[in-house]
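4 protein chains.
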Amino acid sequence: MTKEDYISSLKDLHHVVYYNGKRVEDVTEHPGLRPHIDSAALTYELALRPEYEDLMTATSHLTGKRINRFTHIHQSVDDLIKKVQMLRLIAHETGSCFQRCVGLDALNAVYMTSYDVDEKYKTGYFGRFKKYLIHVQESNVMVVGGMTDPKGDRSLPPSKQGDPDLFTHIVERQSDGIIIRGAKAHMTGGINSHEILIMPTQAMMENEKDYALSCAVPLNAPGIILIFGRQTNEERKFEEGFDAGNPFGPVGGEALIIFEDVFVPWEQVFLCGEYDMAGLLVERFATMHRQNYGGCKGGVSDVLIGATALAAEYQGTAGASHIKEKIAEMIHLTETLYAGSVACSAMGYKTSSGAYYPDPLLANTTKQNVTRHVYEIARLAHDVAGGIVATMPFQADLESSEVGRYVKKYLAGAKGVPVEARIKILRLIENMSGGTALVESMHGAGSPQTQKVMYVRLGNLEQKKRWAKRLVGIEKSDIERSD
Amino acid sequence: MTKEDYISSLKDLHHVVYYNGKRVEDVTEHPGLRPHIDSAALTYELALRPEYEDLMTATSHLTGKRINRFTHIHQSVDDLIKKVQMLRLIAHETGSCFQRCVGLDALNAVYMTSYDVDEKYKTGYFGRFKKYLIHVQESNVMVVGGMTDPKGDRSLPPSKQGDPDLFTHIVERQSDGIIIRGAKAHMTGGINSHEILIMPTQAMMENEKDYALSCAVPLNAPGIILIFGRQTNEERKFEEGFDAGNPFGPVGGEALIIFEDVFVPWEQVFLCGEYDMAGLLVERFATMHRQNYGGCKGGVSDVLIGATALAAEYQGTAGASHIKEKIAEMIHLTETLYAGSVACSAMGYKTSSGAYYPDPLLANTTKQNVTRHVYEIARLAHDVAGGIVATMPFQADLESSEVGRYVKKYLAGAKGVPVEARIKILRLIENMSGGTALVESMHGAGSPQTQKVMYVRLGNLEQKKRWAKRLVGIEKSDIERSD
Amino acid sequence: MTKEDYISSLKDLHHVVYYNGKRVEDVTEHPGLRPHIDSAALTYELALRPEYEDLMTATSHLTGKRINRFTHIHQSVDDLIKKVQMLRLIAHETGSCFQRCVGLDALNAVYMTSYDVDEKYKTGYFGRFKKYLIHVQESNVMVVGGMTDPKGDRSLPPSKQGDPDLFTHIVERQSDGIIIRGAKAHMTGGINSHEILIMPTQAMMENEKDYALSCAVPLNAPGIILIFGRQTNEERKFEEGFDAGNPFGPVGGEALIIFEDVFVPWEQVFLCGEYDMAGLLVERFATMHRQNYGGCKGGVSDVLIGATALAAEYQGTAGASHIKEKIAEMIHLTETLYAGSVACSAMGYKTSSGAYYPDPLLANTTKQNVTRHVYEIARLAHDVAGGIVATMPFQADLESSEVGRYVKKYLAGAKGVPVEARIKILRLIENMSGGTALVESMHGAGSPQTQKVMYVRLGNLEQKKRWAKRLVGIEKSDIERSD
Amino acid sequence: MTKEDYISSLKDLHHVVYYNGKRVEDVTEHPGLRPHIDSAALTYELALRPEYEDLMTATSHLTGKRINRFTHIHQSVDDLIKKVQMLRLIAHETGSCFQRCVGLDALNAVYMTSYDVDEKYKTGYFGRFKKYLIHVQESNVMVVGGMTDPKGDRSLPPSKQGDPDLFTHIVERQSDGIIIRGAKAHMTGGINSHEILIMPTQAMMENEKDYALSCAVPLNAPGIILIFGRQTNEERKFEEGFDAGNPFGPVGGEALIIFEDVFVPWEQVFLCGEYDMAGLLVERFATMHRQNYGGCKGGVSDVLIGATALAAEYQGTAGASHIKEKIAEMIHLTETLYAGSVACSAMGYKTSSGAYYPDPLLANTTKQNVTRHVYEIARLAHDVAGGIVATMPFQADLESSEVGRYVKKYLAGAKGVPVEARIKILRLIENMSGGTALVESMHGAGSPQTQKVMYVRLGNLEQKKRWAKRLVGIEKSDIERSD
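Residue numbers (this note's numbering), protein chains in the order written: chain A, 1145 to 1627; chain B, 1145 to 1627; chain C, 1145 to 1627; chain D, 1145 to 1627.
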């Protein structure tokens, strides 16, 4: 599938998308949406370039065919590492989110877990899912992974919410399929995916069986409505020119996806009531998604570091020792993020299904660092770039016959640097270091506290206590109450 | 002067302002500018409220009349502290910059320094300046302090720039006044001030006498052009509604002010060629401006903390221990900022001119903390508020007859909280924690490195070395090469 | 009282002190204790120097006599600020804790609170306490403030502990006085104080009346036993020479003070069962003690910065830009600490008793910063000083006839710097940046979480929420469940 | 070689060691040195345990024999990862440095680089070195890697120092070998190694050929003198009991090793004047040594986390939410360290010599994080453990017939926990979080600035700039002056 095929397939999708209160007829022609489509399109385009074949494609373990890596089930540690390298590679092209990892992680998580559900309950989910997977691999469709429910009052479980639909659930079981209702929030790449692979949003209790749900649906299915989320400076996308900063947008483009009694045939249902398996599916998706963040954000940071270094160069400060120190610090933080993604991949292991899984403790560590370092990297970019990043005139001022000459005269930097080049770089920094871009680093793949919770579970505190006691000679018998 | 008087005086100003490539006929009717005018207007309005009289007004030491504190020369430590308290007070009303401290600090800095220039050079600047000051106090005009020059290639001094106008300078000395050319960048409150008080941008050398310039000019003087800087999400100001977040804008509104051969009569010239005094004037303005940041940003942070606590409450997470911990941390950082402003005021002292001056080392400490903690406070706000702060639908979606019911249904939070209230608070957080607002904290009153430089100068390192040597008994005679 | 008088008074005290398992006959002759005595002695010595009279002494509001400021009840904001300045001054002499502020804070806290207890319960504590205070002011004795109880299992209140003595309590009420039992832990300056002023360790419940206790006792009273705490590198104090680093020790010297059925006459009892006032007393002592930490630790840091700058100079790295940056950062952190102490003092206010009290929110902010920045300052000192700070040979090696010449040859630094001077400075850094010194910054005047708890109580979160709601136009009536 | 063989071989070494100004006759019987010997001995002991065979041993690529991994040349990425896992494993046993990685890294660095020197200069170093390596592998001797020279005035190169010996150098070239003079500082494991493998301390210039030196010498060679460095609380090692905290000492034990005209036969010389290759050798050793720090310090941190969790449990605070949060944070920081070591290993590659080399950018990232996080981990340990960690009585007090009962009574914690167990754990925390242990994390394998310097060299800033320019459409031709 070429980039063009991908875009034309979206044109044909006729899914129900709303933007700023209005129905969007053709997402591909909508300036508010197109940057995100162009970004995702690179996952198709780069896969066709010979020099990237090794990273961007893989061999299907089911069909033996060469497939886009975004549809691949990881068969080795090497696959896990290549995933991370691929993400950093594409981010160097986009300087923004390209969205498609969500579906990849959903495919892998459901693959592993449907296998385990079958093992436990003798269900037939795994076989169904393999068929679905072959369809995805062959058609190379873009799948959005749908996990986060709106959740209403977060202090209450699904069963105690005023509105039962605040968690997506099964409304009815029919002979040929199920009817579902609810919504998935913050759906990255939602408006430009072909299908959604739904997963539960958290571990579920016995009285929450209807919320233990995994299934796949095309996004143009009847009853599905997508509402696009408003981003920082989204109006600039409607302008011709460079004030928007990054032509691929500040983040991936998030949508609220509503399921108003949507029918799903049984062949596309992969978890339906096995509530005790919901937690495992959530944890696996989260781990695989957290694995990514040092790859993609590492690559995005590389671009921001480059832009920051250029901003310094363009205004004559690149030689100052404190500027060099700050750029070195940005590199340090970026490589710390990347190290996390590589490490959890290198320590990955095979699950019962045969698919490989990254080390969950290290994957959580990776994401937690992202929630901190991306902000600090942005802070350093602002420091180096200067106040001008927040006070520059509009592009229309630069181009004005009345005041354009003043903007050119007074925004001049180092000799030989066109003012326009300087402004473009500063607008890129503005785009990459502001609101939406930061928040995505904080909450994408799970808010910081979700990683902290995993540390307690995965950190093996009892073993650590034993090492300490052995070292100073505290015997088990010394302590009645101890472990 | 009431709020209304202030606004109508701006209507009458007829200064030359550009916004987005177009000349603005009336700044007070322009949706892109009005929020900033409304914010500054509060410095007039609150001064008329009896309960704030003590903080918002003062008695002129020149005329004995009751004046707006924003035109007052500090006569005591108590005045310095009240300034800081006033700033925090107003910030509680605006949650944003109200701009007028820049002029206040410029008035005080020029007051002190013109006195010292006269002492050294037997010039008559101080007398002139006092007359100008009485005019400002009596008319209660808003004065913007003009320090930062565009500076072109920052590795070069004014005399080495390709274009001599990249630093504002005297082009001609005439019998009745001087002609100046150049520009001042990042001028907070520029478009809604009446006058500008120009100061040099840095210490100057002997061959840079024409750049050693301080003078006052009305902003409607011939040859002055203002170009408004583009802000984060500035298009939202043109909408009716609440997506803009804060009705007073994210920051004070910055403009590039251009001086195209502007005439200034001698009575309004306060430094003209005494190059060796430029550095002192810069340092004093910087110190007094850095004094402020724990006051105003402290107050702004209070509002952001309140919004963050409400966001948590509205979505049912206010009781979680990690949420409470994060809000406590936001309070800690905020009070650390405020402590700096109070401390440098409490340690202030009288200058030769009689005006009081805050402790410069502590004032620099205050600003440096602002360049760090405001980012961390924003990060914590994002953490607590959740990803929704970056993915919410448009207000038009909420109000749409087609999808409005879905937005209401799926953005519902805790029982009894209207969805609109929740969205308003989240939009406020978005506004206060994004791009422009952060950058202003970084670079307003001087970029971080300018404070670091002052630490070396003011930190009294030689005395610190002596204390260490005394403690361990190192005699002066032990070390040939030492101090 | 001269330094010599103070020392000889300790000789005469004959209190029961244990060090390393052995009874100490004369604390003033014990090498393990003497550094701390010498440090406290400076509070006597400096008070007699004319140049420090203003800071080190005050006029008693009770007797009108000139007294040591360490026995003064603060009568103004100026007194609060002078206290902080005095602490920084003495720390420049000692580079370590001089212990006597604990008693000063206890005197002020009991003064204020005994007044309030009398107001509420018509007791006569305040009159008694004033008599006691006059005794302290006239005799200029050193008083240790005794707050922290051992507390056993910290998840349990006093009444649920296995051993009721883990919180200090009244065992018996007699006609002439009371009998108390228990212990006070971490008593800074314990072994070289004359008396102890006991306070409760936390707020108490109705069934904990016997724990609501404040009283004063001489430390040589029958039944009192002091056990000195082991410090980092304490054996080096027993050596002649400079490996110990700081001749005044790394911290103040802490002792465990045991009360084995100690009799206290009624005249020295200032709280006895009014359980509901215990919390207020604790909070006041804590606030006044937290006020100090930017003063004393600020001064200690000044010395460490000086030592670090010398270490760099002595090894030829002082000119490197990253070294200068790190020293500037140490100054920044130090002044941030100091700003807190000054600010809470400047915002202090008068209590009903007439005594002045620092702003509690800012005092807590001060201490919280100390728990962080002192560690970072130490880290930077290590960074600049180099690995040599941890791998230097013994002084005996330097002086050895066999290998001394190698130590001199290979530890040589910049030209003209004697190796001994270099080692002395590095040993000083080692002393000031290691174990005990850091822990004291963490837990002295209350562990970090105790300040966090106060933020919630003092941070006025409801007011902050109101500001946010007003700004975006959320009416009270909008939200049923809100405040 | 068993642990016992190792120890007895040291007894037989008869090398010249000084401790505290006195010659040590038998290092294995010296209480000040024995802890470090016991720690290194575990590298022998664990290698004989079947369950650790895979990690602790390897197959020699030269002889095909099973060898201790500390003598192995890495033949694959897997070898690089196993090295890191081995380090974390041993650290769980020791909670301290076990020293032997220095020699391992020196062997690998000299192996790779002697190959490259031969390639360039047709010298025969590589062949010689392989013979030496076989000797090391077969005899399983402990080799200390000798890099850091004393360096005198750090602002001067070797040739400008007052004393030419401040950098180790060749004094004379003879027919059978060379004579060297100088010293190596901070030599971890120096006093309990059998041999030293000397490398240059930095890149060298043409006029510094005599400083471009690599060779191996037994530590009992005539002219070699070792002086042991003084550590935090080193006197406690001479006590029987547990106040010393960790029986393996706080760090590895560092020595200053002096070369007073030491003869080295040509067979053991691996670089001799090829000054332009010195920098490469230094960089490779540094990279491989920095690779380790997330492994060993990760393991050490695990023990400290365990001890901290026990301290909380023993005093009844383990259930508090802020305590759990802090322990989770310690885990986060520890896994971040480990992630670095794993990542640079996973991204390792084959050098021309055939030996594998970790990714240098990620290895530097790892070490830089260690210089920060180990301090923060220590700070958190202090926070959780409480002030008691710095004020506990001596062990002799606990055992005293006079006051022991008070110590037991008042240091009691949660029910069922013997006071002695509590004290042991707190002493372990004290040992692991104080002076020497921290400094080692800062400067071992290179001070922080050495990593910052590498970021600039390895961070590929020009490529990052190109990505940024491409994204916003800045053409090469736009910028005359750009790259």
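We put the CB at the ideal spot given by N, CA and C, even for glycine.
Query, Result
"Terminal residues of the beta strand (DSSP E) in which residue 1405 (chain A) lies", "1398-1409"
"Inter-residue Cα distance where the pair is residue 1222 (chain B) and residue 1490 (chain B)", "8 angstroms"
"Range of the contiguous alpha helix (DSSP H) that encloses residue 1532 (chain A)", "1532-1535"
"First and last residue of the uninterrupted beta strand (DSSP E) at residue 1163 (chain A)", "1160-1163"
"7 angstroms CB neighbourhood of residue 1461 (chain D) in its chain, flanking five on each side removed", "1467"
"Near-chain B residues of the segment 1486-1497 of chain A - C-beta to any C-beta below 8 angstroms", "none"
"Contact list for residue 1465 (chain B) against chain D, beta-carbon separation under 7 angstroms", "1465"
"Residue 1416 (chain D) - partner residues in DSSP beta bridges", "D:1357"
"Contacts of residue 1385 (chain D) in chain A (Cβ-Cβ under 9 angstroms)", "In chain order: nothing, as chain A lies at least about 11 angstroms away."
"7 angstroms CB neighbourhood of residue 1524 (chain B) in its chain, flanking five on each side removed", "1470, 1473, 1474"
"Through-space distance from residue 1366 (chain D) to residue 1197 (chain D), alpha-carbon basis", "37 angstroms"
"One or two residues paired with residue 1327 (chain A) in a DSSP bridge", "A:1402"
"Alpha carbon of residue 1165 (chain B) to alpha carbon of residue 1156 (chain B), nearest angstrom", "22 angstroms"
"Chain D contact residues for residue 1469 (chain B), given Cβ-Cβ distances below 8 angstroms", "1465, 1466, 1469"
"Chain A contact residues for residue 1559 (chain B), given Cβ-Cβ distances below 8 angstroms", "1297, 1306"
"Neighbour flag for residue 1209 (chain B) against chain A, beta carbons, 8 angstroms", "no"
"Terminal residues of the beta strand (DSSP E) in which residue 1340 (chain B) lies", "1339-1342"
"Own chain, CB closer than 7 angstroms to residue 1152 (chain A), minus 5 neighbours either side, in chain order", "none"
"Runs of beta strand (DSSP E) lying entirely within the segment 1533-1590 of chain A, each at least 3 residues, in chain order", "none"
"Chain-ordered neighbours of residue 1087 (chain A) on chain D, where CB pairs are closer than 7 angstroms", "This structure leaves residue 1087 (chain A) out entirely; chain A is present only between 1145 and 1627."
"Local Cβ density within 10 Å of residue 1170 (chain D), reported as buried at 16 or more and exposed below that", "exposed"
"Proximal residues of chain A, C-beta to C-beta of residue 1513 (chain D) below 7 angstroms", "1480"
"Inter-residue Cα distance where the pair is residue 1627 (chain D) and residue 1300 (chain B)", "At residue 1627 (chain D) the pLDDT is 42, less than 50, meaning the model places this residue with poor confidence and gives no usable figure here."
"Option in C:1566, C:1253, C:1214, C:1342 with minimal Cα separation from residue 1285 (chain C)", "C:1214"
"Other residues of its chain near residue 1558 (chain D): CB distance less than 8 angstroms, five sequence neighbours each side excluded", "1457, 1458, 1459, 1460"
"Cβ shell of residue 1190 (chain A) (< 8 angstroms), same chain only, five flanking positions each side left out", "1196, 1200, 1233, 1234, 1237"
"Members of the segment 1522-1534 of chain A that neighbour chain B once the beta carbon cut-off is set at 9 angstroms", "1522, 1523, 1526, 1527, 1529, 1530, 1531, 1532, 1533, 1534"
"Contact between the segment 1533-1546 of chain D and the segment 1369-1381 of chain C (3+ Cβ pairs under 8 angstroms)", "yes"
"Backbone secondary structure at residue 1171 (chain A) - three-state DSSP", "helix"
"Chain-ordered residues of the segment 1249-1271 of chain D with a beta carbon less than 9 angstroms from chain C", "none"
"Under 9 angstroms from the C-beta of residue 1536 (chain B): neighbouring residues of chain A", "1373, 1374, 1400"
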